[in-house]
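The sequence shown begins at 1 in full-length UniProt numbering and counts up one residue at a time.
Glycine included, every Cβ here is placed at the ideal spot set by N, Cα and C.
Working notes, beginning with the structure itself.
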Amino acid sequence: MLMALQRYKYDLRYKPGKEQVSADMLSRSSTAVGNSERINNVEVFMSEIDNSNPEEFTDMSDKRLARIRAFASTDQTYMLLREQIKRGWPEKRKELCQRNKPANRKEPLMVHDVSKHIFLKVGSDVLYHGGHTYLIIVDYMSGFIELKRLEYETAEFVIDAYKEISAGHGVPEVFQSDNAPYYNCTLFHKFAEDWRFTHTTSSPGHSQSNGKVEPAVKIIKHLLNRSDDPWKALMEWHATPNRDFTSPSERLYGQRLTVIYRQPSASSTDAFLSDLEAYISHDSSPHIVVGDINIDTLDMNVSDTYSTTISTYAFYNAITLPTRISSSRASCLDHILLNFSCINGKSGTHH
Numbered sequence: 001m002l003m004a005l006q007r008y009k010y011d012l013r014y015k016p017g018k019e020q021v022s023a024d025m026l027s028r029s030s031t032a033v034g035n036s037e038r039i040n041n042v043e044v045f046m047s048e049i050d051n052s053n054p055e056e057f058t059d060m061s062d063k064r065l066a067r068i069r070a071f072a073s074t075d076q077t078y079m080l081l082r083e084q085i086k087r088g089w090p091e092k093r094k095e096l097c098q099r100n101k102p103a104n105r106k107e108p109l110m111v112h113d114v115s116k117h118i119f120l121k122v123g124s125d126v127l128y129h130g131g132h133t134y135l136i137i138v139d140y141m142s143g144f145i146e147l148k149r150l151e152y153e154t155a156e157f158v159i160d161a162y163k164e165i166s167a168g169h170g171v172p173e174v175f176q177s178d179n180a181p182y183y184n185c186t187l188f189h190k191f192a193e194d195w196r197f198t199h200t201t202s203s204p205g206h207s208q209s210n211g212k213v214e215p216a217v218k219i220i221k222h223l224l225n226r227s228d229d230p231w232k233a234l235m236e237w238h239a240t241p242n243r244d245f246t247s248p249s250e251r252l253y254g255q256r257l258t259v260i261y262r263q264p265s266a267s268s269t270d271a272f273l274s275d276l277e278a279y280i281s282h283d284s285s286p287h288i289v290v291g292d293i294n295i296d297t298l299d300m301n302v303s304d305t306y307s308t309t310i311s312t313y314a315f316y317n318a319i320t321l322p323t324r325i326s327s328s329r330a331s332c333l334d335h336i337l338l339n340f341s342c343i344n345g346k347s348g349t350h351h
């Protein structure tokens, strides 16, 4: 009776039997149990579960929990419900439901951890170009790219090529790749287990989550498309400084590579720091400010003259720092003769 009355808010008061004129009416005029009463019993049971305290069921001994599991395994209804929860309801497995189910929520892209040592975390991918297959290995710290040509696109040749690279740089802790068949196979998993490194893969269908190797693929494609000798181009790229004024080879070996096209010597520390300070100052400033020169591309020779009136700040910002004049057609005029007259009345000529 108390369970049936849980759906109601009632005030229980004592009343003597001599004052109850219909004390036995409910018991004597009872009706047969129908479907509606079964539904009410289910609702009462659901209400009892909702109002129960979970801590009362968690504070049990292991022996009692084992008895409950053993008793539940003998309940056929409970076991059928358990299987339905695991496999899903039959209506949800139909092709129509699967085709029209809501799309998964787009998860935010997680940034890879920055490695503190060289070749401690590497990324890998396979590139096709000009009828050849290449294995790309890139270091997450230095950005150094290793390129190996593969004879066949199989796990055996990928593993052999990576063994040659590991012989010079050591075994990494983390090996990042996509879910290609030559990576996601038993042979490569066995290789990772034998060489004791962790193999992680990107999310299927989201190649951008492969981290640093995707920009490396673009760089290699750029070099292969614009050079007859890809190894020479890759060597020059390894010796090219980045925005932090260090090249991948400097971050890897601690010194510059000796390449065909010699680069300026960094022996003068004062000059290097001065150039670095000027670069950082210019790079942190807006690219276009009020007063900058912006002209259309003109068909002119070195001896041609272009006249304009500019402010002193605009002349300093557009001429002194970048040493070039920007054009609205995204081109630069490196060698022109500019006659200018400033706002303060001074004039001059600048190449």
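task = Classify H189 as helix, strand or coil using the three-state DSSP reduction.
result = Residue numbering aside, residue 189 sits at position 189 when the sequence shown is read from its first letter. Note: H189 maps to helix in three-state DSSP.
query = Excluding five sequence neighbours on each side, which residues of the same chain lie with their C-beta closer than 7 angstroms to the C-beta of V42?
reply = Taking the first residue of the sequence shown as position 1, residue 42 is located at position 42. Here V42 has no same chain residue with a Cβ atom under 7 angstroms from its own Cβ, once five neighbours each way along the sequence are excluded.
query = Between which two residues does the beta strand (DSSP E) containing T128 stretch?
reply = Residue 128 sits at position 128 when you count from the first residue of the sequence shown. For the sequence presented, residue 128 should be read as Tyr rather than Thr. According to the DSSP assignment, Y128 belongs to the beta strand (DSSP E) that extends over K121 to H129.
ask   = Using DSSP with H/G/I as helix, E/B as strand and the rest coil, what is R176?
value = Reading the sequence shown from its first residue, position 176 is the one you call residue 176. Looking at the sequence shown, residue 176 is not Arg but Gln. The answer is strand: DSSP assigns Q176 an E or B state.
message = Tell me which residue opens and which closes the beta strand (DSSP E) that H112 is part of.
response = Start at 1 with the first residue of the sequence shown, and residue 112 comes out as number 112. Counting along the chain, no beta strand (DSSP E) covers H112, and no H or E run does either.
request  = Indicate the three-state DSSP secondary structure (helix, strand or coil) for T77 in the structure shown.
outcome  = In the sequence shown, the residue the question calls residue 77 occupies position 77. Secondary structure at T77: helix, using DSSP grouped into helix, strand and coil.
query = Quick one: what does DSSP say R149 is sitting in, helix, strand or coil?
reply = Here residue 149 refers to the residue found at position 149 when the sequence shown is read from its first residue. Three-state DSSP puts R149 in a strand.
ask   = How about I165 and K148: do their beta carbons lie closer than 8 angstroms?
value = Along the sequence shown, read from residue 1 onward, the residue named residue 165 stands at position 165. Along the sequence shown, read from residue 1 onward, the residue named residue 148 stands at position 148. Yes. Within cutoff.
Separation of H132 from K221, as counted between CA atoms = For the purposes of this step, residue 221 is taken as the residue at position 221 of the sequence shown. For the purposes of this step, residue 132 is taken as the residue at position 132 of the sequence shown. Distance between K221 and H132, taken at the CA atoms: about 12 angstroms.
task = Could you pull the start and end residues of the beta strand (DSSP E) that D139 belongs to?
result = Here residue 139 refers to the residue found at position 139 when the sequence shown is read from its first residue. Here the beta strand (DSSP E) through D139 covers H132 to D139.
request  = Would you mind sorting L223 into buried or exposed? The rule is 16 or more other CB atoms within 10 Å of its CB.
outcome  = One-based indexing of the sequence shown puts residue 223 at position 223. Result: buried.
inquiry  = I'd like to know whether the C-beta atoms of F245 and P172 end up nearer to each other than 8 angstroms.
reply    = The residue given as residue 245 occupies position 245 in the sequence shown. The residue given as residue 172 occupies position 172 in the sequence shown. It is not a contact, given that the beta carbons lie outside the stated cut-off.
ask   = Taking just the CA atoms, how far does K212 sit from R196?
value = Walking along the sequence shown from the start, residue 196 turns up at place 196. Walking along the sequence shown from the start, residue 212 turns up at place 212. Approximately 22 angstroms between the Cα atoms of the pair.
key: H222 (DSSP reduced to helix, strand or coil)   = The count along the sequence shown starts at 1 and reaches residue 222 at position 222. Reduced to three states, the DSSP call for H222 is helix.
query = In its own chain, which residues sit with a C-beta less than 6 angstroms from the C-beta of F144, not counting the 5 before and 5 after it?
reply = Position 144 of the sequence shown, counting from 1, holds the residue named residue 144. Counting only Cβ-Cβ distances below 6 angstroms, and skipping sequence neighbours, we find P248 and L252.
message = Measuring straight from C-alpha to C-alpha, what distance separates Q6 and T77?
response = The sequence position of residue 6 within the sequence shown is 6, counting from 1. The sequence position of residue 77 within the sequence shown is 77, counting from 1. Taken atom to atom, the span from the alpha-carbon of Q6 to that of T77 is near 27 angstroms.
query = Since D178 and T201 are thought to touch, with beta carbons under 8 angstroms apart, how far apart are those beta carbons, to the nearest angstrom?
reply = Locating residue 178 in the sequence shown gives position 178, where the first residue counts as 1. Locating residue 201 in the sequence shown gives position 201, where the first residue counts as 1. Correct: roughly 6 angstroms between the Cβ atoms.
Cβ-Cβ distance between A161 and L135 below 8 angstroms = Position 161 of the sequence shown, counting from 1, holds the residue named residue 161. Position 135 of the sequence shown, counting from 1, holds the residue named residue 135. The Cβ-Cβ distance between A161 and L135 falls below 8 angstroms.
key: Reduced DSSP category for H199 - H, G, I as helix; E, B as strand; rest coil   = Taking the first residue of the sequence shown as 1, we reach residue 199 at position 199. In the structure shown, H199 adopts extended strand secondary structure according to DSSP, grouped into three states.
query = By DSSP, does V158 sit in helix, in strand, or in coil?
reply = Here residue 158 corresponds to residue number 158 of the sequence shown, with the count starting at 1. Helix.
ask   = Is S303 buried or exposed, if buried means 16 or more other CB atoms sit within 10 Å of its CB?
value = Working through the sequence shown from its first residue, we reach residue 303 at position 303. With a pLDDT of only 44 at S303, under 50, the local geometry of the prediction cannot be trusted, and the value read off the model is given with reservation. Under this definition S303 is an exposed residue.
request  = Give every residue of the same chain whose Cβ lies closer than 7 angstroms to the Cβ of G142, excluding the five residues on either side of it in the sequence, and list them in chain order.
outcome  = Your numbering for residue 142 matches position 142 in the sequence shown. It is Ser, not Gly, that sits at residue 142 in the sequence shown. Within the same chain, S142 has close Cβ partners I118, P248, R251 and L252.
ask   = What residue from Y140, A66 and S61 has the CA that sits closest to N210's CA?
value = By one-based count along the sequence shown, residue 210 stands at place 210. Residue Y140 is the option with its Cα nearest to N210.
Classification of V111 by the beta-carbon crowding that lies within 10 angstroms, buried from 16 upward = Counting from 1 along the sequence shown, the entry for residue 111 is found at position 111. It counts as exposed.
message = With H, G and I counted as helix, E and B as strand and the rest as coil, what does DSSP make of D11?
response = Against the sequence shown, residue 11 aligns to sequence position 11. Secondary structure of D11 (DSSP, three-state): coil.
query = Is P230 buried or exposed, if buried means 16 or more other CB atoms sit within 10 Å of its CB?
reply = Your numbering for residue 230 matches position 230 in the sequence shown. P230 comes out buried.
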